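Undergrad: Residue numbers (the working numbering): 118 to 204. I have a structure here, written as structure tokens, and I will follow up with some questions on it.
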């Protein structure tokens with residue numbers, strides 16, 4: 118997410134960037150990053166993620182796609198890559 122290039126910093130703007138990424142890469146390859154709360158400047162923080170979820174639903178993402186983007190994909194990658202993960 119790079120607001121100056123991809124969108125505005127509103128929940129709908131971030132949702133638009135996520136929607137474009139899902140369309141281009143597939144829902145299995147898009148995720149909010151671990152740096153989202155604090156190092157990325159948006160008009161809302163993690164306490165207001167429900168607004169982003171609502172914007173993603175309004176754009177037609179499925180509940181499964183939203184779960185993946187909101188954290189399931191990140192957990193899958195971390196489990197696969199961190200020590201002690203599956204071989």
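Cβ atoms here follow ideal geometry from the backbone N, Cα and C, with glycine treated the same way. None of these values were measured; they are calculated from a predicted model.
Applying the 10 Å Cβ sphere with the 16-neighbour rule, what's the burial state of residue 132?
TA: The residue labelled residue 132 in the question sits at position 15 within the chain shown. Under this definition residue 132 is a buried residue.
Undergrad: Residues in its own chain within less than 7 Å of residue 160 by CB, not counting five upstream and five downstream?
TA: In the chain shown, residue 160 corresponds to position 43, counting from 1. Excluding positions up to five away in sequence, the list reads 126 and 127.
Undergrad: Let me know the secondary structure DSSP gives residue 143 once reduced to three states.
TA: As a first step, residue 143 is located in the chain shown; it is residue number 26 there, counting from the start. The answer is coil: DSSP assigns residue 143 none of H, G, I, E or B.
Undergrad: Quick one: Cα of residue 188 to Cα of residue 150, how far?
TA: The residue given as residue 188 occupies position 71 in the chain shown. The residue given as residue 150 occupies position 33 in the chain shown. So the two alpha carbons sit approximately 9 Å from each other.
Undergrad: So is residue 71 buried or exposed if we call it buried at 16+ other beta carbons inside 10 Å?
TA: With the chain covering only 118 through 204, there is no way to say anything about residue 71.
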